[in-house]
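S.K.: Take this structure first; my questions come after.
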Amino acid sequence: MTVHNLYLFDRNGVCLHYSEWHRKKQAGIPKEEEYKLMYGMLFSIRSFVSKMSPLDIRYKLHYYETPTGIKVVMNTDLGVGPIRDVLHHIYSALYVEFVVKNPLCPLGQTVQSELFRSRLDSYVRSLPFFSARAG
């Protein structure tokens with residue numbers, strides 16, 4: 009494990025502090041542009057989540073990316089701990105098994121497999137941190 013960098017922004021998007029440690033890749037743009045891009049991404053995520061749950065804007069974004077570039081993102085409340093294994097299971101046991109290995113599911117398009125959808129729904133509902141009260 010390593011730490012690449014840290015941004016500290018004020019409420020207006022001004023980068024108050026930036027540090028980097030083991031960062032191997034540079035963005036190839038001026039630091040001020042990088043700060044604006046990072047803050048813009050954070051602002052967009054927050055805006056998106058507030059539309060999903062307007063009463064509670066506190067959330068935890070969990071992200072898993074495969075070597076092939078498939079990205080699995082799950083938003084939860086703050087009480088949910090690390091769920092890398094959950095996201096990996098969604099990818100390997102559900103997506104790969106019911107989409108990638110299915111010749112009727114063209115890759116790179118919206119998943120139309122009802123079997124994938126139902127298995128995913130069952131799996132998520134079986135998780136110990138799943139709660140129907142949030143509906």
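Heads up: the sequence shown begins at 9 in this note's numbering, then just goes up one per residue. Backbone N, C-alpha and C fix where the C-beta goes; we use that ideal spot for every residue, glycine too. Nothing here was measured: the structure is a model prediction, and the numbers come from that model.
My guess is that N110 and S121 are in contact by the Cβ rule of under 8 Å, so how many angstroms apart are they, rounded?
M.R.: About 6 Å separates the two Cβ atoms, so the contact holds.
S.K.: Does the region 50 to 66 touch the region 80 to 98, meaning 3 or more C-beta pairs lie closer than 8 Å?
M.R.: With a cut-off of 8 Å, the region 50 to 66 and the region 80 to 98 count as touching, because enough Cβ pairs lie within range.
S.K.: Apart from the five residues just before and just after M46, which ones in its own chain have a Cβ nearer than 6 Å to its Cβ?
M.R.: Correct list, in chain order: Y15.
S.K.: For the beta strand (DSSP E) holding S61, just list the boundary residues, first then last.
M.R.: Where S61 is concerned, there is no enclosing beta strand (DSSP E), given that its DSSP letter is neither H nor E.
S.K.: Using a Cβ-Cβ cutoff of less than 7 Å, which residues in the same chain neighbour H96 once the five nearest sequence positions on both sides are dropped?
M.R.: Y72, listed in sequence order.
S.K.: Which partner residues of K79 appear in the DSSP bridge assignment?
M.R.: Note: K79 sits in a beta bridge opposite E73.
S.K.: Within its chain, find whatever has a CB closer than 7 Å to the CB of V145; leave out the 5 residues flanking it on each side and keep chain order.
M.R.: Nothing about residue 145 can be read from this structure; the chain reaches only from 9 to 143.
S.K.: Grab me the residues of S119's own chain with a C-beta within less than 6 Å of its C-beta, minus the 5 sequence neighbours each way, in chain order.
M.R.: Per the sequence shown, residue 119 should be read as Val rather than Ser. Once the five neighbours on either side are set aside, the close Cβ partners of V119 are V107.
S.K.: Could you give the DSSP three-state label for L115: helix, strand or coil?
M.R.: DSSP places L115 in coil when its eight states are reduced to three.
S.K.: Going by DSSP, name the residue or residues bridged to Y26.
M.R.: Bridge partners of Y26: Y15.
S.K.: Assign I98 to one of two classes, buried (16 or more other C-beta atoms within 10 Å of its C-beta) or exposed (fewer than that).
M.R.: Under this definition I98 is a buried residue.
S.K.: Taking H12 as the reference, which of V81, Y26 and V57 has the closest Cα?
M.R.: The shortest Cα separation from H12 among V81, Y26 and V57 belongs to Y26.
S.K.: For G32, which of helix, strand or coil comes out of DSSP?
M.R.: The question names Gly, yet the displayed sequence has Lys at residue 32. Note: K32 maps to coil in three-state DSSP.
S.K.: Can you give the beta carbon distance from V57 to H70, rounded, assuming they're within the 8 Å contact cut?
M.R.: Not quite, the Cβ-Cβ distance comes to about 13 Å (not below 8 Å), so this is no contact.
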